[in-house]
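Participant: There's a structure below that I have some questions on.
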């Protein structure tokens, strides 16, 4: 015999509340005092109550349909100074589009708010959101230095960060799967026949990935017999969002010289790069790609670029952020969580013109003699 399922009516009888009052208390409804919610939830646990997720989802869908499908408006915090600047950032643009499309499919509206537009302050932004009845916030990608100085009242909202920023604030997050994505790039390079696989990794990305890229690289080297173990070229001072001019700036000269010395000493036949702008240094060194060295971007590419890369699927990261945010809203929790959840999204290999299949090991001498006839990667200026 199976034990009968504990219902809301059972909890109502045990607590002396109405069925609707119990339902609200179990959902942490703000109209119910916190002490009452805790008491009801404690009694529910003692009785062995388990919510039925399928029934809850069906009831929620029914409520949405009765209300014309629209549920509520969510906020997406953009950290670009204006729409033109954001439009030039393909990753953020794809992330917002994926988040908005998924939100609309679930009956929500996602509106973009510009945290750095002229005259906007954290206090004013908070006031705008509160006055418009916004409860849920999805924070888009932002530089660490900007996030540390953004004194926002996170405790007033349900928040998910689609970024590694705000390192000093505990947040639910949706992010790319950096370790697995890096392992995928390494496996694809190996499958193409590359053996001397090098990694150019700047300190900013290294910190933001929680050292996952470097860990994946070292792990792959040590678990693949016969692969030379090239040291990681760790670079400094490029900042959060470097363009081609950053790689050519005078202050980058010491790092370029370190790259040149590393390449000459270790002779990688393919380079995995944490930044697509590192291609500028290969051009400066007059390396022909892919004839002399392959190039793989771990951060994706900009429009018009044909590099082999890992597509981090920022649209899916945005959609995952929306799913997590709605779950937090449905539980009626606000502010900094005691235990943060993280949803990670797997990327995909995107082959391009900057890599090619290598000849069998031992055929390098014939390859060198025929280099003049090999195709050269077209000149580009990464945006």
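In the working numbering, the protein residues as written are 99 to 481.
Note that beta-carbon positions come from the ideal geometry of N, C-alpha and C, so glycine has one too.
How long is the line joining the alpha carbons of residue 387 and residue 453, rounded to whole angstroms?
Facilitator: Here residue 387 corresponds to residue number 289 of the chain shown, with the count starting at 1. Here residue 453 corresponds to residue number 355 of the chain shown, with the count starting at 1. Between the alpha carbons of residue 387 and residue 453 lies a distance of about 7 Å.
Participant: Drop a sphere of 10 angstroms on the beta-carbon of residue 233, count the other beta-carbons inside from all chains shown, and report buried for 16 or more, exposed for fewer.
Facilitator: Here residue 233 corresponds to residue number 135 of the chain shown, with the count starting at 1. Buried, since its Cβ has 16 or more Cβ neighbours within 10 Å.
Participant: Can you tell me whether residue 172 is helix, strand or coil according to DSSP?
Facilitator: Position 74 of the chain shown, counted from the first residue, corresponds to residue 172. In the structure shown, residue 172 sits in a strand (DSSP, three-state: E or B).
Participant: Let me make sure I understand the geometry here. Which of 237, 264, 314 and 211 has the alpha-carbon closest to that of residue 422?
Facilitator: The count along the chain shown starts at 1 and reaches residue 422 at position 324. Minimum Cα distance to residue 422 is reached at 237.
Participant: Please return the same chain residues whose Cβ sits closer than 7 Å to the Cβ of residue 477, not counting the five positions on each side in sequence.
Facilitator: For the purposes of this step, residue 477 is identified with residue 379 of the chain shown, where counting begins at 1. Since pLDDT at residue 477 reaches only 45, below the 50 mark, its modelled position is unreliable, and no value is offered.
Participant: Where does residue 357 sit, in a helix, a strand or coil, going by DSSP?
Facilitator: Here residue 357 is taken as the residue at index 259 of the chain shown, counted from 1. Residue state, collapsed to three classes: helix.
Participant: Given residue 259, which residues of its chain have a CB within under 6 Å of its CB, disregarding the five upstream and five downstream residues?
Facilitator: Within the chain shown, residue 259 is the residue found at index 161, counting from 1. So the list reads 237, 269 and 271, once near-sequence residues are dropped.
Participant: List the whole-angstrom C-beta distance separating residue 399 from residue 274, where the pair is believed to meet the contact cut-off of C-beta under 8 Å.
Facilitator: Translated into the one-based positions of the chain shown, residue 399 becomes position 301. Translated into the one-based positions of the chain shown, residue 274 becomes position 176. No, residue 399 and residue 274 are not in contact; Cβ-Cβ is about 14 Å, not under 8 Å.
Participant: Would you kindly report the start and end of the unbroken alpha helix (DSSP H) that includes residue 211?
Facilitator: Counted from its first residue, the chain shown places residue 211 at position 113. Counting along the chain, residue 211 falls outside any alpha helix (DSSP H), though it belongs to the beta strand (DSSP E) covering 207 to 212.
Participant: Could you compute how far the alpha carbon of residue 235 sits from the alpha carbon of residue 384?
Facilitator: Here residue 235 refers to the residue found at position 137 when the chain shown is read from its first residue. Here residue 384 refers to the residue found at position 286 when the chain shown is read from its first residue. Distance between the alpha carbons of residue 235 and residue 384: 47 Å.
Participant: Can you give the Cα-Cα distance for residue 298 and residue 396, rounded to whole angstroms?
Facilitator: Residue numbering aside, residue 298 sits at position 200 when the chain shown is read from its first letter. Residue numbering aside, residue 396 sits at position 298 when the chain shown is read from its first letter. For residue 298 and residue 396, the distance between alpha carbons rounds to 10 Å.
Participant: Give the single residue among 293, 239 and 425 whose Cα lies nearest to the Cα of residue 323.
Facilitator: Stepping through the chain shown from its first residue, residue 323 is reached at position 225. Minimum Cα distance to residue 323 is reached at 293.
Participant: To the nearest angstrom, report how far apart residue 202 and residue 418 are at their CA atoms.
Facilitator: Translated into the one-based positions of the chain shown, residue 202 becomes position 104. Translated into the one-based positions of the chain shown, residue 418 becomes position 320. Taking the straight line from one Cα to the other gives about 14 Å.
Participant: Alpha carbon to alpha carbon, how far is residue 124 from residue 360? Give it in angstroms, no decimals.
Facilitator: Here the question's residue 360 lines up with position 262 in the chain shown. Here the question's residue 124 lines up with position 26 in the chain shown. Take the alpha-carbon of residue 360 and the one of residue 124: they are about 60 Å apart.
Participant: For a minimum of 4 consecutive residues, which ranges assigned as the alpha helix (DSSP H) are wholly contained in the segment 253 to 290?
Facilitator: Complete alpha helix (DSSP H) runs here, min 4: 276 to 289.
Participant: Quick one: measure Cβ to Cβ for residue 364 and residue 296, integer angstroms, because I've assumed they're closer than 8 Å.
Facilitator: Sequence index remark: in the chain shown, residue 364 carries index 266 (1-based). Sequence index remark: in the chain shown, residue 296 carries index 198 (1-based). So it is a contact: roughly 6 Å between Cβ atoms.
Participant: How close, in whole Å, do the beta carbons of residue 375 and residue 344 come, if the pair is a contact with beta carbons under 8 Å?
Facilitator: Walking along the chain shown from the start, residue 375 turns up at place 277. Walking along the chain shown from the start, residue 344 turns up at place 246. Correct: roughly 6 Å between the Cβ atoms.
Participant: Out of curiosity, what's the CA-to-CA distance linking residue 198 and residue 109?
Facilitator: Mapped onto the chain shown, residue 198 falls at position 100. Mapped onto the chain shown, residue 109 falls at position 11. Those two C-alpha atoms are separated by around 38 Å.
Participant: Assign residue 401 to one of three DSSP states: helix, strand, or coil.
Facilitator: Within the chain shown, numbered from 1, the residue matching residue 401 stands at position 303. Residue 401: coil per DSSP, three-state reduction.
Participant: For residue 283 versus residue 394, is the C-beta distance shorter than 8 Å?
Facilitator: Locating residue 283 in the chain shown gives position 185, where the first residue counts as 1. Locating residue 394 in the chain shown gives position 296, where the first residue counts as 1. Against a cut-off of 8 Å, the Cβ pair of residue 394 and residue 283 comes out as a contact.
Participant: Taking only the alpha-carbon atoms, compute the straight-line gap between residue 206 and residue 231 and give it to the nearest angstrom.
Facilitator: Mapped onto the chain shown, residue 206 falls at position 108. Mapped onto the chain shown, residue 231 falls at position 133. So the alpha carbons of these two residues sit roughly 13 Å apart.
Participant: Relative to the alpha-carbon of residue 228, which residue among 239, 204 and 254 has its alpha-carbon at the smallest distance?
Facilitator: Counted from its first residue, the chain shown places residue 228 at position 130. If we check each option's Cα against that of residue 228, 254 comes out closest.
Participant: Can you tell me the Cβ-Cβ gap for residue 147 and residue 175, rounded? I've got them flagged as a contact below 8 Å.
Facilitator: In the chain shown, counting from the first residue as 1, residue 147 sits at position 49. In the chain shown, counting from the first residue as 1, residue 175 sits at position 77. Taking 8 Å as the upper bound for CB-CB distance, residue 147 and residue 175 are not in contact here, some 37 Å apart.
Participant: Does the beta-carbon of residue 473 have 16 or more other beta-carbons within 10 angstroms, so that it is buried, or is it exposed?
Facilitator: Locating residue 473 in the chain shown gives position 375, counting from the first residue. Low confidence applies here, because residue 473 scores a pLDDT of 42, under 50, leaving its location unreliable; read the following figure in that light. Exposed, since its Cβ has fewer than 16 Cβ neighbours within 10 Å.
Participant: Determine the closest residue to residue 331 out of 256, 316 and 325, with distance taken between C-alpha atoms.
Facilitator: Translated into positions along the chain shown, residue 331 becomes position 233. Taking only the C-alpha atoms, the option nearest residue 331 is 316.
Participant: Give me, in chain order, the residues of the same chain whose beta-carbon lies closer than 7 Å to that of residue 346; leave out the 5 immediate sequence neighbours on both sides.
Facilitator: Mapped onto the chain shown, residue 346 falls at position 248. Excluding sequence positions up to five before and after residue 346, its CB lies within less than 7 Å of the CB of 378, all in the same chain and listed in chain order.
Participant: Can you tell me where the alpha helix (DSSP H) holding residue 202 begins and where it ends?
Facilitator: Looking up residue 202 in the chain shown gives position 104. Where residue 202 is concerned, the enclosing alpha helix (DSSP H) stretches over 188 to 203.
Participant: Where residue 189 and residue 402 are concerned, what is the direct C-alpha to C-alpha distance, given to the nearest angstrom?
Facilitator: As a working note, residue 189 is residue 91 in the chain shown. As a working note, residue 402 is residue 304 in the chain shown. Cα to Cα, the separation comes out at about 14 Å.
Participant: Under the rule that 16 or more other beta-carbon atoms within 10 Å means buried, what is residue 103, buried or exposed?
Facilitator: Your numbering for residue 103 matches position 5 in the chain shown. With fewer than 16 other Cβ atoms within 10 Å, it is exposed.
Participant: Whole angstroms is fine: what's the gap from residue 279's alpha carbon to residue 106's?
Facilitator: To locate residue 279, count along the chain shown from 1; it is residue 181. To locate residue 106, count along the chain shown from 1; it is residue 8. Approximately 45 Å, taken between the alpha carbons.
Participant: Tell me whether residue 389 sits in a helix, a strand or coil according to DSSP, three-state version.
Facilitator: Residue mapping note: residue 389 aligns to position 291 of the chain shown, counting from 1. Reduced to three states, the DSSP call for residue 389 is coil.
Participant: Using DSSP with H/G/I as helix, E/B as strand and the rest coil, what is residue 324?
Facilitator: The residue labelled residue 324 in the question sits at position 226 within the chain shown. If DSSP states are grouped into helix, strand and coil, residue 324 belongs with coil.
Participant: Would you call the CB atoms of residue 367 and residue 195 closer than 8 Å?
Facilitator: On the chain shown, position 269 is the one that residue 367 refers to. On the chain shown, position 97 is the one that residue 195 refers to. No Cβ-Cβ contact shorter than 8 Å links residue 367 with residue 195.
Participant: Output the distance between the C-alpha atoms of residue 168 and residue 340, rounded to the nearest integer angstrom.
Facilitator: Numbered from its first residue, the chain shown carries residue 168 at position 70. Numbered from its first residue, the chain shown carries residue 340 at position 242. Taking the straight line joining both Cα atoms gives about 40 Å.
Participant: Would you kindly report the start and end of the unbroken alpha helix (DSSP H) that includes residue 138?
Facilitator: As a first step, residue 138 is located in the chain shown; it is residue number 40 there, counting from the start. Its alpha helix (DSSP H) spans residues 132 to 145.
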